[in-house]
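What follows is a single structure, written as structure tokens, with notes after it.
In my numbering, the protein residues as written are 2 to 93.
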């Protein structure tokens, strides 16, 4: 049987991977933001967001995760991405 310490170490490793993936995701979305700023495109893309919400719902269901939780995570990420894009548009 796994000890509490071993399970917590697994959680810590997963958290490390999640943070690393968030960092990588934001590197890519910042490139998208630069592209949008250079081409005078809006920071927000409601059609893309709708597709992403549908996709995250399906993924959550496939992995046995509450879709509402997954959508709330995505909402937080999208909100930050849009903020970053708006800042990039001003800065460029």
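Note that CB positions come from ideal geometry on N, CA and C, so glycine has one too. Remember, predicted model here, so these are calculated numbers, not experimental data.
{"query": "Residue 40 (DSSP reduced to helix, strand or coil)", "result": "coil"}
{"query": "Cβ-based burial, residue 34 [other Cβ within 10 Å; buried from 16]", "result": "buried"}
{"query": "Spatially closest choice to residue 27 from 83, 93, 90, by CA coordinates", "result": "83"}
{"query": "Among 69, 37, 67, the one whose alpha carbon lies nearest that of residue 86", "result": "37"}
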